[in-house]
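Presented below is the structure to which this report refers.
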Amino acid sequence: MENVLAVLNLGDLAQAFSKMGMFPVFDLAYYIVSILYLKYEPGSVEVSRRSPVASWLCAMLYCFGSYILADIMLGSSPVDYFQYNSHILLASAVWYLIFYCPLNLFYKCVAFLPVKLVLVALKEVVRTRKIAAGVHHAHHAYHHGYFIMVIVGYVKGSGVALISNFEQLLRGVWRPETNEVLNMSFPTKASLYGAILFTLQEAHWLPVSKSTLILVFTLFMATTKVVMTARHSHGSPFSLIESWTCHLLFGSPLGGGEEDNHHPPAGAAPSSPVKTKEELSEGARKRKAKKAE
Amino acid sequence: MENVLAVLNLGDLAQAFSKMGMFPVFDLAYYIVSILYLKYEPGSVEVSRRSPVASWLCAMLYCFGSYILADIMLGSSPVDYFQYNSHILLASAVWYLIFYCPLNLFYKCVAFLPVKLVLVALKEVVRTRKIAAGVHHAHHAYHHGYFIMVIVGYVKGSGVALISNFEQLLRGVWRPETNEVLNMSFPTKASLYGAILFTLQEAHWLPVSKSTLILVFTLFMATTKVVMTARHSHGSPFSLIESWTCHLLFGSPLGGGEEDNHHPPAGAAPSSPVKTKEELSEGARKRKAKKAE
Amino acid sequence: MENVLAVLNLGDLAQAFSKMGMFPVFDLAYYIVSILYLKYEPGSVEVSRRSPVASWLCAMLYCFGSYILADIMLGSSPVDYFQYNSHILLASAVWYLIFYCPLNLFYKCVAFLPVKLVLVALKEVVRTRKIAAGVHHAHHAYHHGYFIMVIVGYVKGSGVALISNFEQLLRGVWRPETNEVLNMSFPTKASLYGAILFTLQEAHWLPVSKSTLILVFTLFMATTKVVMTARHSHGSPFSLIESWTCHLLFGSPLGGGEEDNHHPPAGAAPSSPVKTKEELSEGARKRKAKKAE
Numbered sequence: 001m002e003n004v005l006a007v008l009n010l011g012d013l014a015q016a017f018s019k020m021g022m023f024p025v026f027d028l029a030y031y032i033v034s035i036l037y038l039k040y041e042p043g044s045v046e047v048s049r050r051s052p053v054a055s056w057l058c059a060m061l062y063c064f065g066s067y068i069l070a071d072i073m074l075g076s077s078p079v080d081y082f083q084y085n086s087h088i089l090l091a092s093a094v095w096y097l098i099f100y101c102p103l104n105l106f107y108k109c110v111a112f113l114p115v116k117l118v119l120v121a122l123k124e125v126v127r128t129r130k131i132a133a134g135v136h137h138a139h140h141a142y143h144h145g146y147f148i149m150v151i152v153g154y155v156k157g158s159g160v161a162l163i164s165n166f167e168q169l170l171r172g173v174w175r176p177e178t179n180e181v182l183n184m185s186f187p188t189k190a191s192l193y194g195a196i197l198f199t200l201q202e203a204h205w206l207p208v209s210k211s212t213l214i215l216v217f218t219l220f221m222a223t224t225k226v227v228m229t230a231r232h233s234h235g236s237p238f239s240l241i242e243s244w245t246c247h248l249l250f251g252s253p254l255g256g257g258e259e260d261n262h263h264p265p266a267g268a269a270p271s272s273p274v275k276t277k278e279e280l281s282e283g284a285r286k287r288k289a290k291k292a293e
Numbered sequence: 001m002e003n004v005l006a007v008l009n010l011g012d013l014a015q016a017f018s019k020m021g022m023f024p025v026f027d028l029a030y031y032i033v034s035i036l037y038l039k040y041e042p043g044s045v046e047v048s049r050r051s052p053v054a055s056w057l058c059a060m061l062y063c064f065g066s067y068i069l070a071d072i073m074l075g076s077s078p079v080d081y082f083q084y085n086s087h088i089l090l091a092s093a094v095w096y097l098i099f100y101c102p103l104n105l106f107y108k109c110v111a112f113l114p115v116k117l118v119l120v121a122l123k124e125v126v127r128t129r130k131i132a133a134g135v136h137h138a139h140h141a142y143h144h145g146y147f148i149m150v151i152v153g154y155v156k157g158s159g160v161a162l163i164s165n166f167e168q169l170l171r172g173v174w175r176p177e178t179n180e181v182l183n184m185s186f187p188t189k190a191s192l193y194g195a196i197l198f199t200l201q202e203a204h205w206l207p208v209s210k211s212t213l214i215l216v217f218t219l220f221m222a223t224t225k226v227v228m229t230a231r232h233s234h235g236s237p238f239s240l241i242e243s244w245t246c247h248l249l250f251g252s253p254l255g256g257g258e259e260d261n262h263h264p265p266a267g268a269a270p271s272s273p274v275k276t277k278e279e280l281s282e283g284a285r286k287r288k289a290k291k292a293e
Numbered sequence: 001m002e003n004v005l006a007v008l009n010l011g012d013l014a015q016a017f018s019k020m021g022m023f024p025v026f027d028l029a030y031y032i033v034s035i036l037y038l039k040y041e042p043g044s045v046e047v048s049r050r051s052p053v054a055s056w057l058c059a060m061l062y063c064f065g066s067y068i069l070a071d072i073m074l075g076s077s078p079v080d081y082f083q084y085n086s087h088i089l090l091a092s093a094v095w096y097l098i099f100y101c102p103l104n105l106f107y108k109c110v111a112f113l114p115v116k117l118v119l120v121a122l123k124e125v126v127r128t129r130k131i132a133a134g135v136h137h138a139h140h141a142y143h144h145g146y147f148i149m150v151i152v153g154y155v156k157g158s159g160v161a162l163i164s165n166f167e168q169l170l171r172g173v174w175r176p177e178t179n180e181v182l183n184m185s186f187p188t189k190a191s192l193y194g195a196i197l198f199t200l201q202e203a204h205w206l207p208v209s210k211s212t213l214i215l216v217f218t219l220f221m222a223t224t225k226v227v228m229t230a231r232h233s234h235g236s237p238f239s240l241i242e243s244w245t246c247h248l249l250f251g252s253p254l255g256g257g258e259e260d261n262h263h264p265p266a267g268a269a270p271s272s273p274v275k276t277k278e279e280l281s282e283g284a285r286k287r288k289a290k291k292a293e
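Residue numbers (full-length UniProt numbering), protein chains in the order written: chain W, 1 to 293; chain Y, 1 to 293; chain R, 1 to 293.
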């Protein structure tokens, strides 16, 4: 009896959670963390001094890249989301405060670890909702387009990471030897797996309600990202299972695909590929960002 | 009494000016000046010999880049404007005459300074109309999408400059260290300010009629560009006010953002960033274009 | 009398040929040959081991690049074709077999010259149909948009070749000094000429039925490509007439535009531009692909 009640309560909770509005609290956290990552990028502070327009455009790509990409994928106007003036103004205010606040006060507040951990957790709530909404939107446009659902959910979750080469180009940086598909970071991988799960759910191949899936996936993403941020770690929880699957299916050398995420041998460091932005250790980034001030 | 009449007359004049058709005279001037700038680009003459298709495509991007970009921004077909066969044929004829005319006769005529100054003035008439049309078009699609109006007006005014990295790539040139957003030339900046003004007008926040704004902005653009072309100058009339605004708002060093436009110190020249195409001194370009013949 | 009958029969044959379904046999051949060319690309086997997702995306670009580009050109969703799950699954199966089949068995079978020649011929059947369909589709959207018809037919015929720079970027390779428009390979050129022919036919300026044109163009493409593949040749049958036309119309040096396709002087080889993928000698590619195993 109590068991059933617990299930009912969990269902209600999941239902309520999946209906909760994201604007403005969660979206604000999303904008802050995203633009924080932009500030960590080497050279971005200098760009913000030299060309505020380029810096603002990059910030908008960081905040709304997922909407832009999803709109492109579904053949809509890429600037469609820019009709929501309040969202753009909020993100612009965050951009201004993070880059130009006197004494760098705002940056210091939000980059303070306990504050940042809360913001990171809130950001993952938004990411999960975006994946679910992307899959649902694609399902609406293509009823049996399972590949399209996965693609749209994937770009909604990954956002600017997937076009980081072109976002960097806007800041005058060009690193063609790597990209987010070739070297997926944890959030990009998780977005892909999440998009597959939500597509399976939308196709009724997964015996679970969407609200429950949202709740479970959010909890998984938030805890994982918080732990990774707290530990300055960039190992992925998927690496062991991925390493074996890739070995069996694609003949990848065992642990080869992921080796640079775990204890890279000291000598290999100089030749290792350029780390993607979300893979850089937090400490290194902060030092760089501080020096650039 | 006479004052009122003068105002009425000015209003009528502005009205008539804003209704004036652009095809074929003004558009022709636009195509000639645009493809002239393409010929000034180092390597473009060689490309026209080796691959006429690539050269023609670049010429089309120079002439119709603003339509292509605006169509992309609003989610239409990027080649939508190519349905106007007469415009494409006219631009193609200009391309052929500028690149392949025997004895380089056509090029010499239109690059002759007095002729060129007239053409440059006519081109600015078209640019202003494009910005106004872009803002109006975006307003039609998104009634309160003020950011979208500015963006569409901006790309309509700037045209190929905003995608110059990819236009260069088509000719086998790749200069990732700079782009038109990072180092805005005068026409790109003016297009941005113009797009903001026309958006304010469209939103009724500017107490002026659209035809008057078109007339005033056209006069400003045409005189400025004619003076700049005549003087082989590339200083911007905005630089003083921009320098102070950027200093106050974005903490840019005073005169720093613009310093390479004014008397760069002799020693700094070799390390200065690559100049954007419309910033190169006219003399240097002509010499290059002549050598390439 | 018999003459008329022969003509009638040819007309019927052409009619039947132009109605023939492409799925699955012809499409399968298209996928196999396309992904074979991907495997010939230096580094692609290594990418398939390191990042199966990037490798799969490249394979999809090779198979469906023409649909993606045509959809972009006409303002539709670029992933519109991904709604056909059976096509995507078939292409994915081919990708898996070519890259990961034990003992490389599938690759060895389809790369065996007699088999490959048949597949290459079948691929050209699909290419011609795609050009015709592209022109027809564009004609439907823009009744008098002759330039749009040529552009859409061209991208439908050329497919991934036109975006090879960006396809390479996905694999971490960046070669900005060349592209498929600057150095057109035989299939790209033939697609352009085919698109022009089909546009003339659609505009009723060519006194021939569409089914006859499809039959004749298919025969021309299939025989030419089969002969070229059998001979490991990459000279184009158009080169003589092109060389003269370009000389007369565009002042290109005689034989200059094409010289690197015919007997390049031994000393010039190291400085010659990077060959495009379909221009590399088959032998060289196979050696590279084998070494990469």
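The beta carbon of each residue, even a glycine, is placed where N, CA and C say it ideally should be.
Reference G11 of chain W; option with closest CA among W:I214, W:T229, W:V160, W:V152: W:I214
Chain R contacts made by the stretch 159-180 of chain Y, where a contact means CB separation under 8 Å: L169, L170, R171, G172, V173, W174
8 Å Cβ cutoff met for M221 of chain Y and R129 of chain Y: no
Endpoints, the alpha helix (DSSP H) within which D27 of chain W is located: Per DSSP, the unbroken alpha helix (DSSP H) holding D27 of chain W starts and ends at 25-40.
Beta-carbon gap between I68 of chain R and F147 of chain W smaller than 8 Å: Cβ distance not < 8 Å, so I68 of chain R and F147 of chain W don't count as in contact.
Proximal residues to S211 of chain Y (C-beta, below 6 Å), its chain only, five neighbours per side dropped: A14, Q15, S18
Partner residues on chain R for F147 of chain W, Cβ-Cβ distance less than 7 Å: F82, N85, I88
Outcome for residue 311 of chain W when other beta-carbon atoms lying within 10 angstroms are tallied against a minimum of 16: Since the first residue shown for chain W is 1 and the last is 293, residue 311 of chain W is missing from the structure and cannot be characterised.
Given 8 Å, three or more beta-carbon pairs between the stretch 245-252 of chain R and the stretch 154-169 of chain R: no
Residues, ordered as in the chain, of the stretch 59-78 of chain R that lie near chain Y by beta-carbon distance below 9 Å: For the stretch 59-78 of chain R, the set of positions with a beta-carbon nearer than 9 Å to some beta-carbon of chain Y reads I72, M73, L74, G75, S76 in chain order.
Where S209 of chain W meets chain Y, residues with beta-carbon distance less than 8 Å: Going along chain Y, no residue has its Cβ under 8 Å from S209 of chain W, so there is no contact; the nearest lies around 34 Å.
Helix, strand or coil at Q168 of chain Y according to DSSP, with G and I counted as helix: In the three-state reduction of the DSSP assignment, Q168 of chain Y falls in the helix class.
Of the residues R:E180, R:F82, R:P187, R:F64, the one placed nearest residue 294 of chain R, counting alpha carbons only: The requested residue 294 of chain R does not occur in the structure, where chain R is confined to residues 1 to 293.
Buried or exposed (CB count within 10 angstroms, at least 16 for buried), N179 of chain Y: If you draw a 10 Å sphere on the C-beta of N179 of chain Y, you find 16 or more other C-beta atoms in it, and that means buried.
Classification of W95 of chain W by the beta-carbon crowding that lies within 10 angstroms, buried from 16 upward: buried
The stretch 37-44 of chain Y in contact with the stretch 127-144 of chain Y per 3-pair CB rule at 8 Å: no
Proximal residues of chain Y, C-beta to C-beta of Y142 of chain R below 7 Å: Q83
Given 8 Å, three or more beta-carbon pairs between the stretch 93-107 of chain W and the stretch 52-65 of chain W: yes
Contact with chain W by I151 of chain Y, beta-carbon distance below 8 Å: By the rule that beta-carbons nearer than 8 Å mark a contact, I151 of chain Y touches chain W.
Opening and closing residue of the alpha helix (DSSP H) in which H136 of chain Y lies: Going by DSSP, H136 of chain Y is part of the alpha helix (DSSP H) stretching over 113-141.
Straight-line Cα distance separating D80 of chain Y from L28 of chain Y: Straight-line Cα distance between these residues: approximately 20 Å.
Cβ-based burial, residue 297 of chain Y [other Cβ within 10 Å; buried from 16]: The structure shown has nothing for residue 297 of chain Y, since chain Y only spans 1 to 293.
Nearest candidate by alpha-carbon position, reference Y62 of chain Y, set Y:A195, Y:V173, Y:L240, Y:F166: Y:F166
Spatial distance of V216 of chain R from V208 of chain R (CA atoms): 11 Å
Close-in-space but distant-in-sequence residues of the same chain around F198 of chain Y (CB under 7 Å, 5 per side omitted): I131, A132, V135, G153, L213
C-alpha gap between H140 of chain Y and Q201 of chain Y, whole angstroms: 14 Å
For T178 of chain Y, three-class secondary structure by DSSP: coil
Closer than 7 Å: K156 of chain Y CB and nearest the ligand NAD heavy atom: The ligand NAD is not part of the structure shown, which contains no ligands of any sort.
Classification of M20 of chain Y by the beta-carbon crowding that lies within 10 angstroms, buried from 16 upward: exposed
Interface residues of chain W facing F250 of chain Y [CB-CB closer than 9 Å]: Chain W residues near F250 of chain Y: S48, R49, P52, S55, Y96, F99, Y100.
Proximal residues to E124 of chain Y (C-beta, below 6 Å), its chain only, five neighbours per side dropped: M221, A222, K225
Cα-Cα separation between S117 of chain R and G75 of chain W, rounded to whole angstroms: First, the residue type needs correcting, since residue 117 of chain R is Leu and not Ser in the sequence shown. C-alpha separation (whole angstroms): 38 Å.
Residue-level contact to chain Y via CB, L182 of chain R, 8 Å cutoff: yes
Rounded straight-line distance, which links the Cα of S51 of chain R to that of G256 of chain W: With a pLDDT of 44 at G256 of chain W, under the threshold of 50, the modelled position of this residue cannot be trusted; read the value that follows with caution. Looking at the two C-alpha atoms, the distance is approximately 11 Å.
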